[in-house]
Each structure stands twice: as structure tokens, then as C-alpha cells.
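**Student:**
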Amino acid sequence: MRIGLLAQQTDTHIETIRYYEKQGLLPEPQRDTANFRVYQAQHVERLNFIRQCRLLDLSLEEIRQLLEVKDTPAASCDAVNQVVDEHIHHVQQRIQELQGLAEKLQHIRGQCQTAQAAARCGILQELSQPVSAQDKAELSRETHLK
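Numbering (full-length UniProt numbering), first residue to last: 1 to 146.
1) One question on the structure: do E126 and Q111 come within less than 7 Å of each other, judged by their Cβ atoms?
2) Would you check if the distance between the CB atom of V44 and the CB atom of Q65 is smaller than 7 Å?
3) Kindly indicate which residue of E21, R2, Q9, Y20 has the alpha-carbon position closest to the one of T33.
4) How is the alpha helix (DSSP H) around S59 delimited, first residue to last?
5) Tell me, which residues are paired with V44 by DSSP?
6) Taking Cβ positions, are P29 and Y19 nearer each other than 7 Å?
7) Cβ atoms of R46 and L60: under 7 Å apart, would you say?
8) Report the three-state DSSP secondary structure of Q52 (helix, strand or coil).
9) Which partner residues of Q30 appear in the DSSP bridge assignment?
10) In the structure shown, what three-state DSSP assignment does V131 receive?
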């Protein structure tokens, strides 16, 4: 099958398929006599696997690690458990960060209780304040998905 049919069968954009190929997540397909890519059932299965992983917000590196184990059927799944356990930890951290963000937003929202002129809007005034040292640290912190 050609890339358009693969894209249709897996509900994936053509550009995304090519990106996964470039990243080494999807094996390079064979080419026909006209030099068109020819995909097989293994590409559909692997692309579905990648898409399921992305739905779980796994990074490309995490997916790569899972695929390495998947490509070695006799290997132990300890590495899979480790990747998933670490991802659960990252998700739990992100939940805490989002809860903190919600609290900050609620605080900011409390600065403007009634509609008034923008010049007197407490939210806009709060957002115009210098960034605190703590907020700077949060802005510079990296996440596992970069």
C-alpha cells in the first residue's frame, strides 16, 4: 500500500508518518519500480502501536525504548515496566504542576471580581508584575517530553 492508504488506515497525517520514519520509529518501506514507498501490514501495526503510545503522552524516546523491547520478543519486559513506571511518575508530577497552575490562576482571577475598565483590571495588573524567582525557576525547568 502507498502512504496515503497507510495514513487513512491509521488515521495519521502523511507528514507524521514521514517524521516517524526519519526518527527511526517506523521502518523504512520498500520502494516500487516508480520509487513510491510501499507499506506492509507490519507498518500499520507499528504505526498503531506508536499512536497508542502517543495517546498516553509517551515521548518519542520512551516509544523508542518500548519498540526496542517489542522488536526482541525473547527479551524481558522489565524495561517496559520501567518505562511505564517512570512515565507514571512524570504524569503524577505534571498533575501536581497543573494543580499549582490552577491555584495561581484562581488567585489571579480573584483580582478582578467585577467588570470594569481595562486600565483598572486586577488580572491585567497582576500579569504585569515582574516574574518572581520561584516562577523563573519553574519557567526554566525542563519536562521529560522535550
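Beta carbons are placed, not taken as given, at the ideal position from N, Cα and C, and that holds for glycine.
Bear in mind the structure is a predicted one, so any value in this text is a computation, not a measurement.
**Tutor:** In short, the structure shows the following:
1) Yes, Cβ-Cβ distance for E126 and Q111 is below 7 Å.
2) no
3) R2
4) Run containing S59: none; DSSP gives neither H nor E here.
5) Beta-bridge pairing links V44 to no other residue.
6) no
7) no
8) helix
9) V38
10) coil
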